[in-house]
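Chains A and B, in that order, give the protein sequences. Heads up, the first sequence is in our numbering, so the first residue is 2 and it goes up one at a time. Heads up, the second sequence is in our numbering, so the first residue is 721 and it goes up one at a time. Ideal placement from N, C-alpha and C gives every residue a C-beta, glycine not left out. On a predicted model such as this, the values are computed, not experimentally measured, just so you know. Inspection log for the structure reproduced underneath, given as structure tokens.
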Amino acid sequence: QQQVKQSPQSLIVQKGGISIINCAYENTAFDYFPWYQQFPGKGPALLIAIRPDVSEKKEGRFTISFNKSAKQFSLHIMDSQPGDSATYFCAASIADNQGGKLIFGQGTELSVKP
Amino acid sequence: NAGVTQTPKFQVLKTGQSMTLQCAQDMNHNSMYWYRQDPGMGLRLIYYSASEGTTDKGEVPNGYNVSRLNKREFSLRLESAAPSQTSVYFCASRLQGAGELFFGEGSRLTVL
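Quick look at the structure:
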């Protein structure tokens, strides 16, 4: 059962453009929503994360928008650069004392063309 | 500072063979996880260990076993490998049940 659905599967953006990746979740108990970035041959690394008490979080060129009622959240990459070309994963978890299992979306392969 | 270290990085097995993937972290984290990554499927949780001495099934546990050897080490065992277990395996850790998950660089396993 895929509890976090991510789209699109792949995305091509011109340098300087805006990249937008969307995710939807089912479990209303989720209370932590991170985005991870993965370069080829490497493990994923945390990019930015949000909790449901805020609707938006911005760190540099990266912004998470969160819509609790729609159970959706998205990653926006402003002024996209070739160095941003990577696979991006959204995820969700419940912060608890039982390990806080992180459930990932299917991933989006982003290619930024110069 | 090594972070999360996985061995081996590459392995080729024949159907029916067994093997163990090793994982160690030096960040004094309580929780450890094993994921597999397949094209179009994202990262799927196989097993996790919320704390030393405990292990639990994730989304896709069939065909795998785990051992939390101590606070630092969490191993994943394939008792009888199948071609469907061809994948890239990632070990990860975090301090407690929330916050940043730190990943190793992955172990690429091919089962013929």
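Give the residues from the stretch 751-767 of chain B that approach chain A closer than 7 Å (Cβ to any Cβ), ordered along the chain. Ser751, Gly760, Met761, Gly762, Leu763, Leu765
Cβ-based neighbour list, Val724 (chain B), same chain, cut-off 7 Å, excluding 5 preceding and 5 following: If you number the second sequence from 1, residue 724 (chain B) lands on position 4. Taking C-beta separations shorter than 7 Å and ignoring five residues to either side along the sequence, the partners of Val724 (chain B) in its chain run Cys743, Gln745, Cys811, Ala812, Ser813, Phe822, Phe823, Gly824, following chain order.
Contact set between the stretch 809-821 of chain B and chain A, restricted to residues whose Cβ is under 9 Å from the partner: Residues of the stretch 809-821 of chain B with a C-beta less than 9 Å from any C-beta of chain A: Phe810, Cys811, Ala812, Arg814, Gln816, Gly817, Ala818, Gly819, Glu820, Leu821, listed in chain order.
Assess, as a yes-or-no matter, whether the stretch 38-45 of chain A is touched by the stretch 20-30 of chain A under the definition of 3 or more beta carbon pairs within less than 8 Å. no
Between B:Gln737, B:His749, B:Ala802, which lies nearest to Asn790 (chain B) when the distance is taken from Cα to Cα? Against the second sequence, residue 790 (chain B) aligns to sequence position 70. Answer by Cα proximity: B:His749.
Residue closest to Gly736 (chain B), alpha-carbon to alpha-carbon, out of B:Thr727, B:Arg797, B:Glu820: The residue labelled residue 736 (chain B) in the question sits at position 16 within the second sequence. Minimum Cα distance to Gly736 (chain B) is reached at B:Arg797.
Are any of the Cβ atoms in chain A nearer than 7 Å to that of Gly783 (chain B)? Taking the second sequence and counting its residues from 1, the one referred to as residue 783 (chain B) is at position 63. No, no contact with chain A.
Distance between Arg788 (chain B) and Ala770 (chain B) (C-alpha atoms, nearest Å): To locate residue 770 (chain B), count along the second sequence from 1; it is residue 50. To locate residue 788 (chain B), count along the second sequence from 1; it is residue 68. Looking at the two C-alpha atoms, the distance is approximately 10 Å.
Chain B contact for Gln38 (chain A) (CB, 7 Å cutoff): Here residue 38 (chain A) refers to the residue found at position 37 when the first sequence is read from its first residue. So no, Gln38 (chain A) is outside the interface.
Assuming Ala46 (chain A) is part of the beta strand (DSSP E), what are its boundary residues? The residue labelled residue 46 (chain A) in the question sits at position 45 within the first sequence. Element bounds for Ala46 (chain A): 46-51.
So Leu103 (chain A) and Ala87 (chain A) are supposed to be a Cβ contact under 8 Å. How far apart are they, rounded? Against the first sequence, residue 103 (chain A) aligns to sequence position 102. Against the first sequence, residue 87 (chain A) aligns to sequence position 86. Not really, about 18 Å apart at Cβ, beyond 8 Å.
Note down, in chain order, all residues in the stretch 45-56 of chain A with a beta-carbon under 8 Å from any beta-carbon belonging to chain B. Listed by position, the residues of the stretch 45-56 of chain A near chain B (Cβ gap below 8 Å) are Pro45, Ala46, Leu47, Ala50.
Straight-line Cα distance separating Gly760 (chain B) from Ser11 (chain A): To locate residue 11 (chain A), count along the first sequence from 1; it is residue 10. To locate residue 760 (chain B), count along the second sequence from 1; it is residue 40. C-alpha separation (whole angstroms): 10 Å.
DSSP on Ser804 (chain B), reduced to helix/strand/coil? Working through the second sequence from its first residue, we reach residue 804 (chain B) at position 84. Note: Ser804 (chain B) maps to helix in three-state DSSP.
Between B:Asn782, B:Asp776, B:Tyr809, B:Ser807, which has its C-alpha nearest Ser751 (chain B)'s C-alpha? Along the second sequence, one-based indexing puts residue 751 (chain B) at 31. When only C-alpha atoms are compared, the closest one is B:Asp776.
Under 7 Å between C-beta atoms of Gly778 (chain B) and Leu763 (chain B): The residue labelled residue 778 (chain B) in the question sits at position 58 within the second sequence. The residue labelled residue 763 (chain B) in the question sits at position 43 within the second sequence. It is not a contact, given that the beta carbons lie outside the stated cut-off.
With the cut-off set at 7 Å, would you say Glu820 (chain B) and Leu47 (chain A) are in Cβ contact? The residue labelled residue 820 (chain B) in the question sits at position 100 within the second sequence. The residue labelled residue 47 (chain A) in the question sits at position 46 within the first sequence. Cβ distance < 7 Å, so Glu820 (chain B) and Leu47 (chain A) count as in contact.
Could you work out which residue in A:Asp54, A:Pro9, A:Lys114 is closest to Phe31 (chain A) when comparing CA atoms only? Within the first sequence, residue 31 (chain A) is the residue found at index 30, counting from 1. Per the Cα distances, A:Asp54.
Within the same chain, show all residues whose beta-carbon is closer than 7 Å to that of Asp80 (chain A), passing over the 5 residues directly before and after it, in chain order. Translated into positions along the first sequence, residue 80 (chain A) becomes position 79. Cβ neighbours of Asp80 (chain A) beyond the five flanking positions: Gly17, Arg62.
Compute the Euclidean distance between the alpha carbons of Pro35 (chain A) and Glu57 (chain A), then round it to the nearest angstrom. In the first sequence, residue 35 (chain A) corresponds to position 34, counting from 1. In the first sequence, residue 57 (chain A) corresponds to position 56, counting from 1. Approximately 12 Å, taken between the alpha carbons.
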